[in-house]
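Visitor: Could you have a look at this structure, given as structure tokens, before my questions?
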Amino acid sequence: MRRDRPGRKRCGSHPKAATSCLIFVFDQLLLRMVLIMNAGSPVRVRFAPSPTGFMHLGHARTALYCYLLARNTGGQFILRIEDTDQRRFVQEALSNITEGLRWLGLQWDEGPEVGGDYGPYQQTERLAVYQEYAEKLVEMGHAFYCFCSTERLDEMRKAQQAQKINPHYDGTCRDIPLTEARQRIAAGEPYVVRFKMPRDGSITVRDEMRGDITVELGNLDDYILVKSNGIPVYHLAAMVDDHLMEITHVFRGSEWLPSLPQNVLLYRTFGWKEPKWYHLSVFLKPSGQGKLSKRDAAQYKEGGYSVMIHDMEELGYLPEAVNNWVALMGWSYDGSTEFFTMDDLVEKFNVEKLNPKPSAINFTKLDHFNGLHIRNLSHADLAQRIKPFFMNRGYITDDDILLKITPILQERLKTLDDAIEMAGFFFQDEIVPRVEDLIQKKMTAEDALLVARRAAEVLEQMPSMALEYTEEPMRQLVEELGMKPGQFFGVIRVAVTGQPVSPPLFESMEIIGKDVILQRLHQAIRLLEVEAQHS
RNA sequence: GCCCCCAUCGUCUAGUGGCCCAGGACGUAGCCCUCUCAAGGCUAAAACGGGGAUUCGAAUUCCCCUGGGGGCACCA
């Protein structure tokens, strides 16, 4: 297939460029055709988490890619719950995952809560289906019943490891005649079903991002298909479901890559049409050393970051930014475009630019994307998004004021949470500035007092705190006093906002209003008077 | 121990044999703008892991080494 190389060739005026220009046009035509062909073949992709833990970044990326490809091709995005491990089942995990998906804006077309024609979408509700296929495999002679106890298996493995040979099933039950096996089962003997791996030859499988991979079948194990409790393992359940649900493209973690040959062999044994496989590489720690682990989670949280999706909202991240960030770890568009809205991603996502290299997460880049997406929001939208953060801190917010402060906050926020520290003073009845903040560098208490007094005098004359009544008069005052603007406005800023760093002064003053401004100025004057006497 | 995968600035990446003494982005440093902080603009430092081979020509193809990652369960 032709590769997409946007912006690579440019039509110039140089005579030689004419040919390349023609080629470029032809290139674009081809590209169009490829896109149309792609769009004409809707995919069916599934995100299939197991409810054994909460949703993290790895989940988010896999789900995002699934969603993007489905939307991009007009196909279906399916959510399937792989809950065949009842021992590790976590009650809140399912809701945590569905909430995470919804927060990210990755609504599924089929699955829990929404149904679909290929249901049920929870594996424990499909047990009879797997049983049927396991039986079929036994009858075909490609699987066998195994009566080995876990104790014996453990010992066997230990012995193998001691001899430094590859741990694998030793084949004890492989050749028990089927009639005998059935008798033992009827007699109540516990058993599992194992795949009867061919002993000779090799198999070549294909990961779309890496190419062909060939392995010796002798290296593959007689892996278990059905556990002794009658519940299938992933390798059976997922393949049966992917086939039955007509999944065309499988996105899963690279931890599954080693078992791809077994998985593909099952497909081929049944004669099913194989999906295209994409094994997404793991996320590494920010240091790049080792994969992201639960152990480190607490540490990230301390730094104001998290790898858990349910933390992202509270930390002040936008789902748009998380998607943008996560999309670019393992996928690129043209190597230079990095800002993508969800619509952009849906339109531009393509499997050709997927990359198999493990990537270290970079939280500061998340911050950057979050800032970009915050600035991309409308004032009204931003206002509504920062509102809950103020509410949670006990501030009584006012929608009008919120809407007024949004424009001066927007380009200063890295996270929505930053709004509290930056603009809390708009909603506080009383602020108490620290005297040492009031007095600017290279300034005495008397100097600061003079600034506050003169400013108060001037502002008192004004009909309101509208920009036209504050900025010019204050600048004149600066000149009159022969001070540096930074110093002068520093005093006013701290007096009015209570903090040395704030959104633009005049805009802030206009929003706060004349009464409160004068009140705060006089408070500062009182504080400075006391200070001046003591020094 | 065995099997599999990966390898370009600190990090995310572009790159599919000549457009590359390697481009973009985050971060870092400096400058500009400026009422603080940001945002924005400009500039700088910063990479093809090592060795062979193929070729007129290799970041790009092949081999070996090294490094990193993953897997080898009645877990997913």
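Residue numbers 611 to 1145, in our numbering, belong to the letters of the first sequence in order.
Even for Gly, the Cβ is constructed at its ideal location relative to N, Cα and C.
Per DSSP, what kind of secondary structure is Gln-1133 in: helix, strand or coil?
Guide: Three-state result, Gln-1133: helix.
Visitor: With 16 as the cutoff for other CB atoms within 10 Å, does Leu-1014 come out buried or exposed?
Guide: With the sequence shown as reference, residue 1014 is identified as Lys, and Leu is not the correct amino acid for it. Looking at its Cβ environment, which holds 16 or more other Cβ atoms inside 10 Å, Lys-1014 is buried.
Visitor: With H, G and I counted as helix, E and B as strand and the rest as coil, what does DSSP make of Ala-753?
Guide: Three-state DSSP puts Ala-753 in a strand.
Visitor: With respect to the alpha helix (DSSP H) encompassing Thr-662, which residues constitute its N-terminal and C-terminal limits?
Guide: Looking at the DSSP string, Thr-662 is not in any alpha helix (DSSP H), and its letter there is neither H nor E.
Visitor: Closest to Phe-999 by C-alpha separation, out of Gly-715, Glu-1021, Gly-1034, Trp-941, would be which residue?
Guide: For Phe-999, the nearest C-alpha among the options comes from Gly-1034.
Visitor: Go to Lys-886, then tell me how far its beta strand (DSSP E) extends in each direction, as first and last residue.
Guide: Per DSSP, Lys-886 belongs to the beta strand (DSSP E) from 886-890.
Visitor: Under the assumption that Arg-654 contacts Thr-858 (Cβ atoms under 8 Å), give the Cβ distance between them as a whole number of angstroms.
Guide: Going by Cβ atoms, the distance from Arg-654 to Thr-858 rounds to 5 Å, so yes, they are a contact pair.
Visitor: Looking at Asn-933: is its Cβ nearer than 8 Å to the Cβ of Leu-964?
Guide: Their beta carbons are not under 8 Å apart, which means Asn-933 does not touch Leu-964 by this criterion.
Visitor: Exposed or buried, Phe-949, counting other C-beta atoms within 10 Å across all chains shown (16 or more means buried)?
Guide: Classification of Phe-949: exposed, given that the 10 Å Cβ count is below 16.
Visitor: Leaving aside the five residues before and after Ser-812 along the sequence, list all residues of the same chain whose C-beta is less than 8 Å from its C-beta, in chain order.
Guide: Around Ser-812: Thr-824, Val-825, Glu-826, Leu-827.
Visitor: Helix, strand or coil for Ser-869? Go by DSSP, reduced to three states.
Guide: Note: Ser-869 maps to helix in three-state DSSP.
Visitor: On a CA-only basis, which of Ser-916, Phe-805, Glu-818 is nearest Asp-832? Give me that one, please.
Guide: Checking every option, the nearest Cα to that of Asp-832 belongs to Phe-805.
Visitor: Distance, Cα to Cα, Val-700 vs Ile-707?
Guide: Cα to Cα, Val-700 sits roughly 11 Å from Ile-707.
Visitor: Would you call the stretch 736-746 and the stretch 841-856 in contact, with 3 or more CB pairs under 8 Å?
Guide: The stretch 736-746 vs the stretch 841-856: in contact.
Visitor: DSSP has Gln-733 in a bridge; who is on the other side?
Guide: Looking at the DSSP assignment, Gln-733 forms no beta bridge with any residue, so it has no partner.
Visitor: Give the straight-line distance between the Cα atoms of Arg-642 and Arg-862, rounded to the nearest whole angstrom.
Guide: For Arg-642, the predicted model reports a pLDDT of 42, less than 50, meaning its position is unreliable and no value from the coordinates is stated.
Visitor: Once you ignore the five residues that flank Val-843 on each side, which residues in its own chain have a CB closer than 8 Å to its CB?
Guide: So the qualifying residues of the chain are Thr-694, Tyr-833, Ile-834, Leu-835, Val-836, Lys-837.
Visitor: In whole angstroms, what is the alpha-carbon distance linking Leu-894 and Thr-947?
Guide: Spanning the two alpha carbons is a distance of roughly 23 Å.
Visitor: Looking only at its chain, what residues have a beta carbon closer than 7 Å to the beta carbon of Leu-928, apart from the 5 residues adjacent to it on each side?
Guide: Asn-980, His-983, Ile-984, listed in sequence order.
Visitor: In angstroms, rounded to a whole number, what distance separates the CA positions of Val-802 and Gly-840?
Guide: Val-802 and Gly-840: Cα-Cα distance of roughly 8 Å.
Visitor: Looking only at its own chain, which residues have a Cβ that is under 6 Å from the Cβ of His-778, when we skip the five neighbours before and after it?
Guide: Excluding sequence neighbours, His-778 sits near Asp-831.
Visitor: Assign Leu-1069 to one of three DSSP states: helix, strand, or coil.
Guide: Leu-1069: helix per DSSP, three-state reduction.
Visitor: Where DSSP assigns a beta bridge to Gly-725, which residues make up the other side?
Guide: Bridge partners of Gly-725: Gly-721.
Visitor: Can you tell me which of the three DSSP states Lys-626 falls into?
Guide: Because the pLDDT at Lys-626 is just 32, under 50, the model does not fix this residue reliably, and the value given afterwards should be weighed accordingly. It is coil, neither helix nor strand.
Visitor: Tell me which residues share the same chain as Arg-784 and place their Cβ nearer than 7 Å to its Cβ, disregarding the 5 neighbours each side in the sequence.
Guide: Contacts found: Phe-754, Lys-806, Asp-832.
Visitor: To which residues does DSSP link Thr-824 through a beta bridge?
Guide: Thr-824 pairs with Thr-814.
Visitor: Comparing C-alpha positions only, which one of Ser-1074, Asp-1008, Asp-1027 sits nearest to Gln-1038?
Guide: Of the candidates Ser-1074, Asp-1008, Asp-1027, the one whose C-alpha sits nearest the C-alpha of Gln-1038 is Asp-1008.
Visitor: Touch check for the stretch 988-1007 and the stretch 933-945: three-plus C-beta pairs under 8 Å?
Guide: Cβ pair count under 8 Å is below three, so no.
Visitor: Could you tell me whether the Cβ atoms of Leu-1048 and Arg-1064 are closer together than 8 Å?
Guide: No, they are not a contact pair.
Visitor: Please return the same chain residues whose Cβ sits closer than 6 Å to the Cβ of Asp-637, not counting the five positions on each side in sequence.
Guide: Because Asp-637 sits at a pLDDT of 39, beneath the cut-off of 50, its placement in the model cannot be relied upon, and the following sentence gives the value as read from the coordinates. Counting only Cβ-Cβ distances below 6 Å, and skipping sequence neighbours, we find nothing.
Visitor: From which residue to which residue does the beta strand (DSSP E) around Ile-834 run?
Guide: Start and end: 834-836.
Visitor: For Pro-885, count the other beta carbons within 10 Å of its own beta carbon; 16 or more makes it buried, fewer makes it exposed. Which is it?
Guide: Buried, since its Cβ has 16 or more Cβ neighbours within 10 Å.
Visitor: Per DSSP, what kind of secondary structure is Gln-686 in: helix, strand or coil?
Guide: In this structure, Gln-686 counts as strand in the three-state DSSP scheme.
Visitor: Could you give the DSSP three-state label for Gly-981: helix, strand or coil?
Guide: Three-state DSSP puts Gly-981 in a helix.
Visitor: What residues match up with Leu-992 in a beta bridge as DSSP calls it?
Guide: DSSP, once it has assigned bridges, lists no residue as partnering Leu-992.
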